[in-house]
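Protein chains: 2
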Amino acid sequence: MSTQTPFFPVAASHHALEEGTELAPRFDANGLITCIAVDAATNDVLMLAHMNAEALALTMQTGEAHYYSRSRKALWKKGETSGHTQKVSEIRIDCDQDAVLIKVTMGGTGAACHTGRRSCFYRTIPIGAAPSADTALGFTGDAPRFDPKAVYGGHDH
Amino acid sequence: MSTQTPFFPVAASHHALEEGTELAPRFDANGLITCIAVDAATNDVLMLAHMNAEALALTMQTGEAHYYSRSRKALWKKGETSGHTQKVSEIRIDCDQDAVLIKVTMGGTGAACHTGRRSCFYRTIPIGAAPSADTALGFTGDAPRFDPKAVYGGHDH
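And the structure:
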């Protein structure tokens, strides 16, 4: 599925950008906007990724999350390879329209992360000391739900 | 408060980066990492901002959110001007260590956004049609809790 060149105007003013009802996303120099995906039921952050204009337009149009892969330099429908689709129940945009938040219901095993875990944020950074050679990440207990090698083979996710 | 040059190693391998306990954040070409701040009690996404190495180190050390302002090109302790501090109860890092998630308790009025609202994500994008001249953002009802002009004056936040 593809769209025409998406209709995304530039905001007429700073006030319109922040207080208006016109969708005027500010894509960066690479044509991308940051997207946070959260679980629609629990609000847990699942992943952070990027969308280009086409990915944002397709997400709006289809209600299925689409992203732009910076490593593969390609539009990417989430779950295309792995079955871990994201049905989008809400899309939000932030004050200065350079970040998007989507609330999703995961398909497949419920794993949003290419490592097989539900969330990409499965490790904690300790608080209370400056970073040092002693700093050790902790694991949250979000265990892999599938074997990434079996799903993705040798390919980048 | 300032730190020595923060101790942030480079991961020895892709596997160490994603499955290890070594904190090896991948700052981008501008020396920044993306940070999502969520409300510690509700999980609601409050804002998205950036940290440089010093901001991340200070956040770890003090348990108070520090960011790097791209517009002001300066380290920024959240709430320095407005009183809307963020006490950090948890820090997480994502699979490929290029994004951080912090769980925070807001100070002041509870507004994380410079517009005076609790969350920067106070507008919704409609789902079900491609973007067009008819696309209209909705407001979530997250009303401003303070007058930004009174708090920030003519300055950038």
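Chains as they are written, first to last, in this note's numbering: chain E, 2 to 158; chain F, 2 to 158.
Every residue, glycine too, gets a C-beta built ideally from N, C-alpha and C.
Check, Outcome
"Inter-stretch contact (C-beta, 8 Å, three-pair minimum) for the segment 118-130 of chain F and the segment 84-100 of chain F", "no"
"Euclidean distance between Cα positions of Lys78 of chain F and His16 of chain E", "25 Å"
"Chain-order list of residues whose beta-carbon lies under 6 Å from that of His158 of chain E (same chain, five-residue window excluded)", "Residue placement at His158 of chain E is poorly supported in this model, since its pLDDT is 46, which falls under 50; the coordinates are not used for a value here."
"Candidates E:Ala50, E:Ile37, E:Gln87, E:Thr86: closest to Ser72 of chain E by CA position", "E:Ala50"
"Ala25 of chain F vs Ala41 of chain F beta-carbon contact at 8 Å", "no"
"Which of helix, strand or coil DSSP assigns to Asp157 of chain F", "Summary for Asp157 of chain F: the model assigns pLDDT 43, below 50, so the residue's position carries little reliability, and this model does not support an answer."
"DSSP three-state assignment for Leu76 of chain E, whether helix, strand or coil", "strand"
"Closest by C-alpha distance to Ile92 of chain F, when choosing among F:Phe8, F:Val39, F:Arg27", "F:Val39"
"First and last residue of the uninterrupted beta strand (DSSP E) at Gln98 of chain E", "It is not in any beta strand (DSSP E) - Gln98 of chain E carries neither H nor E in the DSSP assignment."
"Lys88 of chain E vs Gly64 of chain E beta-carbon contact at 8 Å", "yes"
"Element boundaries [alpha helix (DSSP H), containing Leu49 of chain F]", "Here Leu49 of chain F belongs to no alpha helix (DSSP H); instead the beta strand (DSSP E) covers 46-52."
"Given Asn31 of chain F as reference, the closest of F:Asn53, F:Ala137, F:Thr136 once Cα atoms are compared", "F:Asn53"
"Chain F within 8 Å of Asp157 of chain E, Cβ atoms only", "Here Asp157 of chain E scores only 43 on pLDDT, less than 50, and its place in the model is too uncertain to base an answer on."
"Any C-beta of chain E under 8 Å from that of Ala46 of chain F", "Looking at the sequence shown, residue 46 of chain F is not Ala but Val. Yes, Val46 of chain F lies at the interface with chain E (some Cβ there is under 8 Å from its Cβ)."
"Minimum C-alpha distance to Ala66 of chain E - residue among E:Ala75, E:Ala56, E:Lys74", "E:Ala56"
"Length of the line joining the Cα atoms of Thr35 of chain E and Asp135 of chain E", "32 Å"
"Neighbour flag for Val105 of chain E against chain F, beta carbons, 8 Å", "no"
"Rounded C-alpha distance that separates Glu19 of chain F from Glu81 of chain F", "34 Å"
"Contacts around Thr141 of chain E, its chain only, beta-carbon distance under 6 Å, and the 5 residues preceding and following it disregarded", "Tyr123"
"Terminal residues of the beta strand (DSSP E) in which His16 of chain F lies", "It is not in any beta strand (DSSP E) - His16 of chain F instead sits in the alpha helix (DSSP H) that spans 15-20."
"Chain-ordered neighbours of Phe9 of chain F on chain E, where CB pairs are closer than 8 Å", "Pro132"
"Bridge partner(s) assigned by DSSP for Glu91 of chain F", "F:Lys104"
"For Arg124 of chain F, the residue or residues it bridges with in DSSP", "E:Ile94, F:Phe140"
"C-beta neighbour in chain E for His115 of chain F, strict 8 Å", "yes"
"Chain-ordered neighbours of Phe28 of chain F on chain E, where CB pairs are closer than 8 Å", "By Cβ distance, chain E contributes nothing, its closest Cβ being about 13 Å from Phe28 of chain F, past 8 Å."
"Buried or exposed by the 16-neighbour rule on C-beta atoms within 10 Å, applied to Pro10 of chain E", "exposed"
"Residue environment, Ser90 of chain F, which counts as buried when at least 16 other CB atoms sit within 10 Å", "exposed"
"Assumed close pair Leu59 of chain F, Ala113 of chain F - CB separation to whole angstroms, cut-off 8 Å", "Between Ala113 of chain F and Leu59 of chain F the Cβ distance is about 18 Å, and since that is not below 8 Å, they are no contact."
"Local conformation of Ala38 of chain F per DSSP, three classes", "strand"
"Near the ligand PLP: Pro145 of chain F beta-carbon under 7 Å from a heavy atom", "No copy of the ligand PLP appears in this structure; indeed no ligand is present at all."
"Range covered by the beta strand (DSSP E) that runs through His67 of chain E", "67-70"
"Neighbourhood of His156 of chain E by C-beta, 8 Å cutoff - its chain only, sequence neighbours within 5 removed", "Confidence is the limiting factor: at His156 of chain E the pLDDT is only 48, short of 50, which leaves the residue's position unreliable, though a coordinate-based value still follows. Result list for His156 of chain E: Thr82, in chain order."
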